[in-house]
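A quick write-up on the structure given underneath.
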Amino acid sequence: MGGDSSFSDRYGFRGPSAEITIREDAPASIRDGVLMLAYSLGLSPGAVRGAISNVLLIHPDPNNWSAGNIKSEVYSLIHNTNWYKVYDIAEQLWIEVGADDVTGEKQDAYAKRLNQLFREYGVGWEMKGGEITVRGAESFDLVTQEARSVMQDAEMPIAANEIHEALRDMSRRPEADLTGAVQHGMAALECVAREIGKTSDTLGSIIPNLKLTPPLDRALHKLWGFASQQGRHVREGGSLTFEDAELVVTVASAVSVYLIRRQSKAFNENLELE
């Protein structure tokens with residue numbers, strides 16, 4: 001069955017995405033789904049076993065040679081490995097399904113259906129370009145994607161790369177680098193503020209000159225203070241949560257977009273007056 005040939009795909013039926021409750025885990029439903037997707041897109045039990053063996057760096061059982069026995073071995077391997085290895089296996093299977101498909105349609109179908117599975121079960125991961133990356137709230141995904149696009153268009157590649165690095169830190173397995181994500185998110189905002197203000201000062205010094213409407217200026221200064229504190233040390237009894245990092249990166253991205261668009265609007269208005 002092709003990626004777009006199911007009844008629900010043809011008629012656009014899609015249930016709401018479940019609330020994200022799974023990050024550092026891979027429940028049985030996900031482990032089974034990863035395997036079933038590979039089989040449905042034409043991979044043989046032997047090919048799936050080979051992919052899993054490459055990820056886990058183990059030798060396939062030479063006593064298993066029939067399809068049924070190999071499937072049982074594959075099932076055991078994926079259900080007994082660490083949760084983060086399941087996502088490594090999903091990435092490897094994405095490569096395998098595209099090995100004999102020059103069109104890329106099988107890989108697209110694999111990624112699409114895997115992401116549907118993640119959303120149905122509330123898994124905070126998604127596949128993009130063959131890589132499993134962090135999936136946050138819908139607002140987080142939209143804002144960070146838009147920020148990178150706007151920064152690139154404004155010829156601020158360093159800021160865009162800082163957002164990219166923030167997402168990479170949040171996507172690290174088995175443990176996300178939340179402090180790093182906060183640092184990179186605020187570094188992106190600092191890059192934008194420096195470019196707009198034509199200064200090399202720190203963000204804390206630049207904020208008063210950004211002419212933000214009160215109390216937005218004070219709120220941004222408090223966010224900068226929080227991020228600076230977390231970057232230096234984690235307060236005793238106050239470890240960062242994923243939601244903390246998600247909030248900081250989201251706000252930093254949104255404010256960056258606001259500043260860039262405000263500058264662009266002012267520039268265009270000045271041109272019209274000339």
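Heads up, the sequence shown is in full-length UniProt numbering, so the first residue is 1 and it goes up one at a time. Backbone N, C-alpha and C fix where the C-beta goes; we use that ideal spot for every residue, glycine too.
What is the DSSP secondary structure of residue i, reduced to helix, strand or coil?
i: Glu-19; result: coil
i: Arg-262; result: helix
i: Glu-155; result: coil
i: Ala-99; result: coil
i: His-233; result: The pLDDT assigned to His-233 is 49, lower than 50, so where the model puts this residue is not dependable, and the model offers no usable value.
i: Glu-175; result: coil
i: Asp-61; result: coil
i: Lys-211; result: coil
i: Leu-93; result: helix
i: Glu-24; result: coil
i: Ala-137; result: coil
i: Ser-253; result: helix
i: Asn-161; result: helix
i: Ser-228; result: helix
i: Thr-241; result: coil
i: Asn-82; result: coil
i: Ser-8; result: helix
i: Ser-149; result: helix
i: Asn-268; result: helix
Over what stretch of residues does the alpha helix (DSSP H) that includes residue i continue unbroken?
i: Met-186; result: 178 to 197
i: Glu-120; result: 105 to 120
i: Pro-45; result: 45 to 56
i: Ile-70; result: 67 to 79
i: Gly-204; result: 203 to 206
i: Arg-31; result: 28 to 40
i: Arg-14; result: Per DSSP, Arg-14 belongs to no alpha helix (DSSP H) and is neither H nor E.
Just reading off the beta strand (DSSP E) that residue i is part of, what are its end residues?
i: Val-127; result: This sequence places Met at residue 127; Val is not what is there. Segment 125 to 128, the beta strand (DSSP E) holding Met-127.
i: Thr-133; result: 131 to 134
Take the Cβ of residue i as the centre, count every other Cβ of all protein chains shown within 10 Å, and call the residue buried at 16 or more, exposed below.
i: Val-123; result: buried
i: Ile-58; result: exposed
i: Ser-68; result: The sequence shown places Gly at residue 68, rather than the Ser named in the question. Exposed, since its Cβ has fewer than 16 Cβ neighbours within 10 Å.
i: Met-36; result: exposed
i: Phe-140; result: buried
i: Phe-7; result: exposed
i: Ser-264; result: exposed
i: Lys-106; result: buried
i: His-184; result: buried
i: Gln-152; result: exposed
i: residue 275; result: Shown here, the chain extends from 1 to 274; a query on residue 275 therefore has no answer.
i: Ala-99; result: exposed
i: Asp-169; result: buried
i: Gly-225; result: exposed
i: Arg-49; result: buried
i: Val-257; result: buried
i: Val-102; result: exposed
i: Ser-171; result: buried
i: Thr-21; result: exposed
i: Ala-28; result: exposed
i: Arg-31; result: buried
i: Ser-253; result: buried
i: Gly-90; result: Gly is not the amino acid found at residue 90; the sequence shown has Ala there. Buried, since its Cβ has 16 or more Cβ neighbours within 10 Å.
i: Thr-144; result: buried
i: Phe-118; result: buried
Point to revise | the region 152 to 163 contacting the region 183 to 194, beta-carbon criterion three pairs below 8 Å | key: yes
Check your understanding: Touch check for the region 167 to 181 and the region 83 to 92: three-plus C-beta pairs under 8 Å?
Key -> yes
Point to revise | Sufficient close CB pairs (3 or more, under 8 Å) joining the region 103 to 121 to the region 46 to 63 | key: no
Check your understanding: Taking three-plus beta-carbon pairs below 8 Å as touching, is the region 128 to 144 in contact with the region 42 to 56?
Key -> no
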